[in-house]
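Here's the structure we're looking at; comments come further down.
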Amino acid sequence: MDRKDASEISHFSDYLKPAQVIHDLKSKDKVQAIEELLDVLSKQKLIANKKVLLTRLIDRENLLSTALGDGIAVPHARVDTGGDMAIAAGRSAAGLDFEAGDKKKVHLIILIIWNPSLPGLFNHLFAGLANFLRKPEFRERIFKAADKNDLYAALSEIELRLPQEDKIVSRAGLLKKLQEIEMKKRKAAKAQAKTLSGQAALIREELDEALLVRFDKLIERYGFAVAEVDEGVCQGCYISVSTEMSSAIEGSNDIYVCENCGKYLVAAKRKKK
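Per numbering that gives the first Met the number 0, the very first residue in the sequence shown carries number 0; after that it's consecutive.
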């Protein structure tokens, strides 16, 4: 596959071909589904060493579920494929348990393996996917696709666009999880610290360098970089954020930045009644 500049890519079909789509996954759980999609990529000679990739994908999945909610999951790993990116997509009519935050079963799995030398490429693709997959009418088309051709036609319409807002970077859950790991490392014994460092590396591989530089500087200066927004108030500086931002953060996995203290913001966990 010829290497492309991310800014030149316009549609998902630049990477996803009909042979990489499964209309009806046979798998009964997420591990089987990931392996079934890896088989597709292996047959197309888009990947090598399936066992190593499966282990890497499951390690990432166990760290933090790649389910986006609303029946979609995007398991992924940053491994040299010999090209830019290898993608396979599969639909499960019955649905699979991916431990999604919204507790819904996953009906569409998009598996992505991308080249380590192109860290921004996954974010570019992810932004396009998120934009389309958050639309109920688009998800319905995918879930109700009559056959492989219908499913491929729908997925081919996904446009790949870079995020336009600097303050909205995407995937807040990853940064929050990274912060938890970094804090545990401070008190961990040597053996446990090594395991935690490996987990942190998995997360860092899929985040932009600029995002991580800011994260590390905040950790160094304040001891933490990600703060919750509880009832409209940033828990990092205890200053109210705008009503618009507070509303946008609720239920979102995008990353917002506090205009007062500069920390990354995520929604507070809902209190049990």
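The beta-carbon is built from N, C-alpha and C at its ideal position, and this holds for glycine as well.
| Asked | Found |
| --- | --- |
| For Asp-215 and Pro-162, the rounded distance between their alpha carbons | For Pro-162, the pLDDT reaches just 48, beneath the cut-off of 50, and the residue's location in the model is therefore unreliable, although a value from the coordinates is still provided. Rounded to whole angstroms, Pro-162 to Asp-215 spans 22 Å at the Cα level. |
| Three or more C-beta pairs below 8 Å linking the region 100–112 and the region 34–41 | yes |
| Rounded C-alpha distance that separates Leu-62 from Ala-153 | 30 Å |
| Residue(s) in a DSSP beta bridge with Ala-85 | Ile-112 |
| Bridge partners - Cys-233, DSSP secondary structure assignment | Val-228 |
| Three or more C-beta pairs below 8 Å linking the region 95–109 and the region 11–31 | yes |
| Within the region 132–199, ranges of the alpha helix (DSSP H) (whole runs, at least 4 residues) | 135–142, 147–155 and 171–186 |
| Other residues of its chain near Phe-97: CB distance less than 6 Å, five sequence neighbours each side excluded | Lys-29, Ser-64, Ala-66, Ala-72 and Val-105 |
| For His-75: DSSP bridge partner residues | Ile-111 |
| Span of the alpha helix (DSSP H), counted from its first residue to its last, around Leu-52 | 49–62 |
| CB contact flag (Tyr-151, Val-20, <8 Å) | yes |
| Endpoints, beta strand (DSSP E) assigned at Ala-266 | 263–266 |
| 8 Å contact criterion, which Gln-178 and Phe-223 should meet: CB distance rounded | 6 Å |
| Endpoints, the beta strand (DSSP E) within which Leu-67 is located | 66–68 |
| Neighbourhood of Arg-170 by C-beta, 6 Å cutoff - its chain only, sequence neighbours within 5 removed | Asn-252 |
| CA-to-CA distance, Ala-226 to Gln-234, given in whole angstroms | 6 Å |
| Residue nearest to Ala-87 in terms of C-alpha spacing, selected from Asp-69, Ala-144, Lys-184 and Gln-43 | Gln-43 |
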